[in-house]
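Chemist:
Numbering (this note's numbering), first residue to last: 107 to 220.
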């Protein structure tokens, strides 16, 4: 079992930045990927960025250049740096981890005001 706890969401103005954090605990040795999804009101959950245990990253094409995923293995933490935020980035952001199963955090709200 893996537990994920996100933090770092909040209210920011257009053009601002936020950094989300996701701390993993529990049976983390078998995790082979971690990353972030988001879900805006009335929309499906979509992939934001992911990182494999080997360090390969994948970022949604529409977010490349503004969003960056990184990790600190010593802290069992994955980060999402979000720059030049836009109102359309407003969503609940969910951390996930994958081994045999997919695990999800509780979500953190990001609101970008115009």
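Beta carbons: idealized from backbone N, C-alpha and C, even for Gly.
Start and end of the beta strand (DSSP E) containing residue 169?
Modeler: Here residue 169 belongs to no beta strand (DSSP E), and DSSP marks it neither H nor E.
Chemist: Check each candidate in 220, 149, 207, 199 and name the one with the smallest Cα separation from residue 111.
Modeler: It is 199.
Chemist: Considering only their Cβ atoms, is the gap separating residue 156 from residue 139 smaller than 8 Å?
Modeler: The answer is yes: Cβ separation under 8 Å.
Chemist: For residue 195, which of helix, strand or coil comes out of DSSP?
Modeler: In the structure shown, residue 195 sits in a helix (DSSP, three-state: H, G or I).
Chemist: For residue 144 and residue 166, I'd like the C-alpha separation in whole angstroms.
Modeler: So the alpha carbons of these two residues sit roughly 11 Å apart.
Chemist: Please tell me whether residue 192 and residue 154 are closer than 8 Å, where the distance is taken between their beta carbons.
Modeler: Result no, Cβ atoms of residue 192 and residue 154 do not sit closer than 8 Å.
Chemist: Is residue 180 helix, strand or coil by DSSP?
Modeler: In the structure shown, residue 180 sits in a helix (DSSP, three-state: H, G or I).
Chemist: Please confirm whether residue 116 and residue 124 have their CB atoms less than 8 Å apart.
Modeler: Cβ distance < 8 Å, so residue 116 and residue 124 count as in contact.
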